[in-house]
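A.B. asks: Under UniProt numbering, the first residue of the sequence shown is numbered 1, with each subsequent residue one higher. Glycine included, C-beta positions come from ideal geometry on N, C-alpha and C. Predicted model only: the values in this text are computed from it and were never measured.
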Amino acid sequence: MYEIRNLYKSYPLKNGGQAQVLKDINLSIAKGKITAIVGPSGSGKSTLSKCLSLLEHPSSGELILDGTVLNTLNAEALRQQRQKIGLIFQSSALLKRRTAAENIALPLEFLGVVDHQIQERVAYLLENVKLSDRANHYPAQLSGGQQQRVGIARALALQPSIVIADEATSGLDPDSTQSILKLLTELRDELGLSVILITHEMDVVRQIADDVAMLSHGEIAEQGSVLDLILNPESTIGSKILPLHIPSSLPADHTVFSATYSSAKNTPLNWLSQLSIQTGYGLDVHASTVEVISHATVGKLIFSLPDAVYCQHKTQLERQLVSWNVQYSIIQSAHPCPQHAAA
Numbered sequence: 001m002y003e004i005r006n007l008y009k010s011y012p013l014k015n016g017g018q019a020q021v022l023k024d025i026n027l028s029i030a031k032g033k034i035t036a037i038v039g040p041s042g043s044g045k046s047t048l049s050k051c052l053s054l055l056e057h058p059s060s061g062e063l064i065l066d067g068t069v070l071n072t073l074n075a076e077a078l079r080q081q082r083q084k085i086g087l088i089f090q091s092s093a094l095l096k097r098r099t100a101a102e103n104i105a106l107p108l109e110f111l112g113v114v115d116h117q118i119q120e121r122v123a124y125l126l127e128n129v130k131l132s133d134r135a136n137h138y139p140a141q142l143s144g145g146q147q148q149r150v151g152i153a154r155a156l157a158l159q160p161s162i163v164i165a166d167e168a169t170s171g172l173d174p175d176s177t178q179s180i181l182k183l184l185t186e187l188r189d190e191l192g193l194s195v196i197l198i199t200h201e202m203d204v205v206r207q208i209a210d211d212v213a214m215l216s217h218g219e220i221a222e223q224g225s226v227l228d229l230i231l232n233p234e235s236t237i238g239s240k241i242l243p244l245h246i247p248s249s250l251p252a253d254h255t256v257f258s259a260t261y262s263s264a265k266n267t268p269l270n271w272l273s274q275l276s277i278q279t280g281y282g283l284d285v286h287a288s289t290v291e292v293i294s295h296a297t298v299g300k301l302i303f304s305l306p307d308a309v310y311c312q313h314k315t316q317l318e319r320q321l322v323s324w325n326v327q328y329s330i331i332q333s334a335h336p337c338p339q340h341a342a343a
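1. Excluding the 5 residues preceding and the 5 following residue 90 in the sequence, name in chain order all residues of the same chain whose CB lies nearer than 8 Å to its CB.
2. Among 322, 177, 307, 64, which one has its Cα closest to the Cα of residue 232?
3. In its own chain, which residues sit with a C-beta less than 8 Å from the C-beta of residue 11, not counting the 5 before and 5 after it?
4. Assuming the contact rule is C-beta atoms closer than 8 Å, residue 9 and residue 56 should be a hit. Round their C-beta distance to whole Å, please.
5. Does the segment 216–227 come into contact with the segment 184–196, if we say contact requires no fewer than three beta-carbon pairs (one atom in each stretch) closer than 8 Å?
6. Could you tell me which residues DSSP puts in a beta bridge with residue 9?
7. In terms of alpha-carbon separation, which member of 200, 282, 331, 13 lies closest to residue 247?
8. Does the Cβ of residue 7 have 16 or more other Cβ atoms within 10 Å, making it buried, or fewer, making it exposed?
9. What is the DSSP secondary structure of residue 1, counted as helix, strand or coil?
10. Our contact map puts residue 255 next to residue 329 with C-beta atoms below 8 Å; I'd like the distance itself, whole angstroms only.
11. Per DSSP, residue 299 is paired with what?
12. For the 8 Å Cβ check, are there 3 or more pairs between the segment 133–152 and the segment 173–184?
13. Applying the 10 Å Cβ sphere with the 16-neighbour rule, what's the burial state of residue 253?
14. Tell me the rounded alpha-carbon separation between residue 313 and residue 143.
15. Would you grab the beta carbon distance between residue 316 and residue 274 for me? Rounded to a whole angstrom, and I think it's under 8 Å.
16. Residue 282 and residue 276: beta carbons closer than 8 Å?
17. Within 10 Å of its beta-carbon, does residue 75 have 16 or more other beta-carbons around it, so buried, or fewer, so exposed?
18. Count the CB pairs spanning the segment 36–50 and the segment 199–212 that are closer than 8 Å, and state whether there are at least three.
19. Can you tell me whether residue 342 is buried or exposed, with buried defined as 16 or more other CB within 10 angstroms of its CB?
20. Could you tell me the distance, in whole angstroms, from the CA atom of residue 42 to the CA atom of residue 25?
21. By DSSP's criteria, residue 254 is part of a beta bridge. Which residues make up the other side?
22. Using C-beta distances below 7 Å, list every residue in its chain close to residue 93, excluding the 5 sequence neighbours before and after it, in chain order.
23. Using CA coordinates, which residue listed in 261, 296, 116 is at the minimum distance from residue 320?
24. Taking the alpha carbon of residue 195 as the point to measure from, which residue in 116, 13, 53, 258 has its own alpha carbon closest?
25. If you run the structure through DSSP and keep just helix, strand and coil, what is residue 115?
26. Rounded to whole angstroms, what's the CA-CA distance from residue 31 to residue 134? Just pull it up for me.
27. Return the bridge partner residues of residue 166 from the DSSP annotation.
28. Please report the straight-line C-alpha distance between residue 79 and residue 158, rounded to a whole angstrom.
29. Quickly, what does DSSP pair residue 68 with across the bridge? List them, please.
30. From the DSSP secondary-structure annotation, give me the bridge partner or partners of residue 27.
31. Is DSSP giving residue 246 helix, strand or coil here?
32. Smallest Cα separation from residue 318: which of 257, 294, 15?
33. What separation, rounded to the nearest whole angstrom, lies between the Cα atoms of residue 86 and residue 163?
Here's what the structure looks like:
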């Protein structure tokens, strides 16, 4: 478990003032989970990444890794704790004159690990990242995705309990991106690693993150499980992770719903059909999207029915949607229902 409590970070200005970059950050990074930290440029993602990886000292607050408060340790104790945190950079940052195996061995060499143990560990890591046949290749002889795999193996050299990946797929082609995301999920599942993803790519969050926090102006604007946020119709980040385009032209005199569901039993075909039977009217679907998020099928759709039909069955419809765990909001209602609308 990696906990961040009341973290602030500021930098001194020439005029003697302070530039506040991070404000009261509180996060819990669960063991064996992938937590994404997202936000626009200038939101504080890079600074937070540096604080979490101990490359920067927070101005105040606590960084607690497995019960140890990191930012109160002396230099030697902090160096030992740093070994529990692996770093994956945006560019692989490999040394050009060292082979893949030699790059992976670098952290072990710095610690004075004996040669035969280094060789065993490097061979194991190369196998884990599926690059055993590239051990003696130099970075220039590897593709971008392969270089990033070497970077991941190097981050794992000291057997960390947590890995911080800072824009690890940025600049990679789609196939390489997918292979890196697959590798990160495998490492989480097989090694029980905690992974912190610093990213601006919502596709990455949707595909592999368990939890997500959104930074805005140096503060956490929203956080929670990816699935819960997608299912919350009021969530800003949920709408970005699983977006749904609302058509510019919707039928007049119709009540239009935006609905989100997660259920293997109540697929949209099922519950839309049930609603149609209850109202005696075929509901119109104007847009939809479906994804598998955190092992659950999640979907969003825009559907409508005439105002008069909705008003006649309003209470019954709303109760049924709630009973099926369908989260919804009404995005258009040309004529509000009268107070005596039937159930």
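C.D. replies: Checking against the coordinates, here is how it stands:
1. So the qualifying residues of the chain are 166, 167, 168, 170, 171.
2. Comparing Cα positions, the closest option is 322.
3. 18, 19, 21
4. 7 Å
5. no
6. DSSP output for residue 9 lists 22 as bridge partner(s).
7. Looking at the Cα atoms, 331 is the closest of the given residues.
8. buried
9. coil
10. Not a contact, Cβ separation roughly 11 Å.
11. 261, 290
12. yes
13. exposed
14. 60 Å
15. At roughly 11 Å, the Cβ-Cβ gap does not stay under 8 Å, so residue 316 and residue 274 are not in contact.
16. yes
17. exposed
18. yes
19. For residue 342, the pLDDT reaches just 46, beneath the cut-off of 50, and the residue's location in the model is therefore unreliable, leaving the point undetermined.
20. Rounded to the nearest whole angstrom, the CA to CA distance from residue 42 to residue 25 is 16 Å.
21. 306
22. Only 151 meet the Cβ criterion.
23. In this structure, 261 is the residue among 261, 296, 116 with its C-alpha nearest to the C-alpha of residue 320.
24. 53
25. The three-state reading of DSSP puts residue 115 in helix, counting H, G and I together.
26. Cα-Cα distance, rounded: 31 Å.
27. 198
28. C-alpha of residue 79 to C-alpha of residue 158: approximately 12 Å in a straight line.
29. Residue 68 is bridged by DSSP to 65.
30. 4
31. coil
32. Considering only alpha carbons, the answer is 257.
33. 4 Å
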